[in-house]
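For the sequence shown, UniProt numbering gives the first residue as 1, with consecutive numbering after it. Here the structure comes first, spelled out in structure tokens, and everything after it is commentary.
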Amino acid sequence: MTRKPTFLPWFIVPAILTATGLVVAMFAVMQFSVRAYVPGSLDVGGLTLANFAGLFKSIYADAFINTVMLSAKTAIFGLLMSYPLAYALVRTRTTWIKSTILIIAITPLFLGEVVRTYSWIIVLGNSGFLNSLLLATGIISTPVQFMFTQTGVVLALVHVTMPIMVLMLATALSHINPDYEKAAASLGAGPVRTLLTVTIPLSIPGIIASLTTAFAWTFSAFATPQLIGGGRVSTVATMVYQLGFSSMNFPFAAALSIAGLILTVLLLLALKRMTRFLNAMGEH
1 MTRKPTFLPW FIVPAILTAT GLVVAMFAVM QFSVRAYVPG SLDVGGLTLA
51 NFAGLFKSIY ADAFINTVML SAKTAIFGLL MSYPLAYALV RTRTTWIKST
101 ILIIAITPLF LGEVVRTYSW IIVLGNSGFL NSLLLATGII STPVQFMFTQ
151 TGVVLALVHV TMPIMVLMLA TALSHINPDY EKAAASLGAG PVRTLLTVTI
201 PLSIPGIIAS LTTAFAWTFS AFATPQLIGG GRVSTVATMV YQLGFSSMNF
251 PFAAALSIAG LILTVLLLLA LKRMTRFLNA MGEH
């Protein structure tokens with residue numbers, strides 16, 4: 001008779017407790033979203049759907065559009081920056097180069113998002129490192145406004161998401177047999193053609209996984225858009241913060257959170273359908 005491992009409950013119980021806490025918290029947010037806001041009080045009123053009706057105002061629609069655009073730009077630029085780094089990490093045979101790339105890729109994970117965001121404030125400020133460098137080289141004559149712009153927020157968010165994207169892409173690339181690339185080269189394909197016709201199609205699952213992760217992560221990002229954007233780049237997360245902690249309108253903030261969650265799920269489902277299409281292309 002096979003004896004069940006005695007340590008199994010120690011792995012299952014924490015997961016069940018965590019899942020239970022998340023479900024309870026989600027139900028709390030959902031019930032707040034359908035309660036009436038009582039001005040000047042932390043108490044909530046009766047049941048209402050007015051909170052969701054208010055989401056169609058232009059200010060909140062703009063926040064949703066900005067969030068989607070920021071998430072898409074971050075995912076795309078993050079992929080363009082991460083793919084070469086992941087490819088070099090997997091394909092290089094020199095140990096010290098591989099170790100250096102790995103250290104550079106994962107070191108940001110040991111710093112909190114707030115710490116990394118404050119570092120970018122130093123870099124992107126009008127008197128920061130980037131403007132000082134551009135002024136010293138004569139490329140620009142006056143400082144470029146990076147802070148409080150969507151460009152600055154995207155730059156910082158790309159840095160936040162790159163470590164995860166590099167690791168996910170490297171995992172996908174490591175599963176590609178190098179013999180496929182050698183076969184393409186032996187048939188006359190150059191490095192660029194081999195990359196475009198062999199490596200990239202075979203790494204499509206990793207590309208889609210990294211894009212999806214970066215998009216979902218950026219959609220819920222708060223610290224970076226709030227600090228770099230300075231309140232001028234509105235996103236769903238920053239609007240929830242302003243409604244909840246500045247206006248104390250927790251019911252409307254909860255409704256905005258639920259709407260953001262629903263939109264994220266719908267966009268991820270759309271990406272899933274795209275994944276099937278791209279995987280079919282990759283197989284051909």
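Even for Gly, the Cβ is constructed at its ideal location relative to N, Cα and C. Computed from a prediction, not measured in an experiment: that's the story for all the values here.
Checklist line | Buried or exposed by the 16-neighbour rule on C-beta atoms within 10 Å, applied to Val23 | finding: Along the sequence shown, read from residue 1 onward, the residue named residue 23 stands at position 23. It is exposed - the Cβ of Val23 has fewer than 16 other Cβ atoms within 10 Å.
Margin query: Can you find the residues in the same chain that come closer than 6 Å, C-beta to C-beta, to Leu271, ignoring five residues on each side of it along the sequence?
Written below: Here the question's residue 271 lines up with position 271 in the sequence shown. Here the set comprises Thr212.
Notebook entry, point to check: Leaving out the 5 sequence neighbours to the left and right, which residues in its chain are closer than 7 Å to Asn66 when beta-carbon positions are compared?
Noted result: Locating residue 66 in the sequence shown gives position 66, counting from the first residue. Excluding positions up to five away in sequence, the list reads Val233, Ser234, Thr235.
Notebook entry, point to check: Going by other Cβ atoms of all chains shown within 10 Å of its Cβ, with 16 needed for buried, is Met239 buried or exposed?
Noted result: On the sequence shown, position 239 is the one that residue 239 refers to. Flag for Met239 reads buried.
Item checked: Buried versus exposed, by CB contacts within 10 Å (16 or more), Asn177 -> Mapped onto the sequence shown, residue 177 falls at position 177. So Asn177 ends up on the exposed side.
Item checked: DSSP-derived helix/strand/coil call for Ala36 -> Position 36 of the sequence shown, counting from 1, holds the residue named residue 36. It is a strand residue.
Next item on the list: List the endpoints of the continuous alpha helix (DSSP H) containing Val166.
Entry: Taking the sequence shown and counting its residues from 1, the one referred to as residue 166 is at position 166. Start and end: 150-174.
Check: How is Val44 classed by DSSP in three states: helix, strand or coil?
Finding: Start at 1 with the first residue of the sequence shown, and residue 44 comes out as number 44. Strand.
Next item on the list: Quick one: residues in its chain with C-beta nearer than 7 Å to the C-beta of residue 289, no 5 flanking neighbours on either side, listed in chain order?
Entry: Residue coverage of the chain in this structure runs from 1 to 284, which leaves residue 289 outside it and unanswerable.
Notebook entry, point to check: Helix, strand or coil: which one does DSSP assign to Val144?
Noted result: As a position in the sequence shown, residue 144 is number 144, starting the count at 1. Correct three-state label for Val144: coil.
Next item on the list: Out of Ala172, Ser247, Ser257, point me to the one whose CA is closest to Val38's CA.
Entry: What you label residue 38 is simply residue 38 of the sequence shown in a count that begins at 1. The candidate whose alpha carbon is nearest that of Val38 is Ser247.
Next item on the list: Compute the Euclidean distance between the alpha carbons of Ser127 and Gly230, then round it to the nearest angstrom.
Entry: Position 127 of the sequence shown, counted from the first residue, corresponds to residue 127. Position 230 of the sequence shown, counted from the first residue, corresponds to residue 230. Taking the straight line from one Cα to the other gives about 17 Å.
Checklist line | Rounded separation between Gln145 and Phe222 - CA only | finding: Taking the sequence shown and counting its residues from 1, one reaches residue 145 at position 145. Taking the sequence shown and counting its residues from 1, one reaches residue 222 at position 222. Computed Cα separation, rounded: 21 Å.
Item checked: Beta-carbon spacing of Leu102, Leu111 below 8 Å -> The residue you call residue 102 lines up with position 102 of the sequence shown. The residue you call residue 111 lines up with position 111 of the sequence shown. No, these two residues do not count as a Cβ contact at 8 Å.
Next item on the list: Tell me where the alpha helix (DSSP H) around Asn66 begins and ends.
Entry: Residue mapping note: residue 66 aligns to position 66 of the sequence shown, counting from 1. Note, Asn66: alpha helix (DSSP H), 58-91.
Notebook entry, point to check: Going along the chain, which unbroken runs of the alpha helix (DSSP H) with 4 or more residues stay wholly within the region 220-264?
Noted result: 223-229, 236-241
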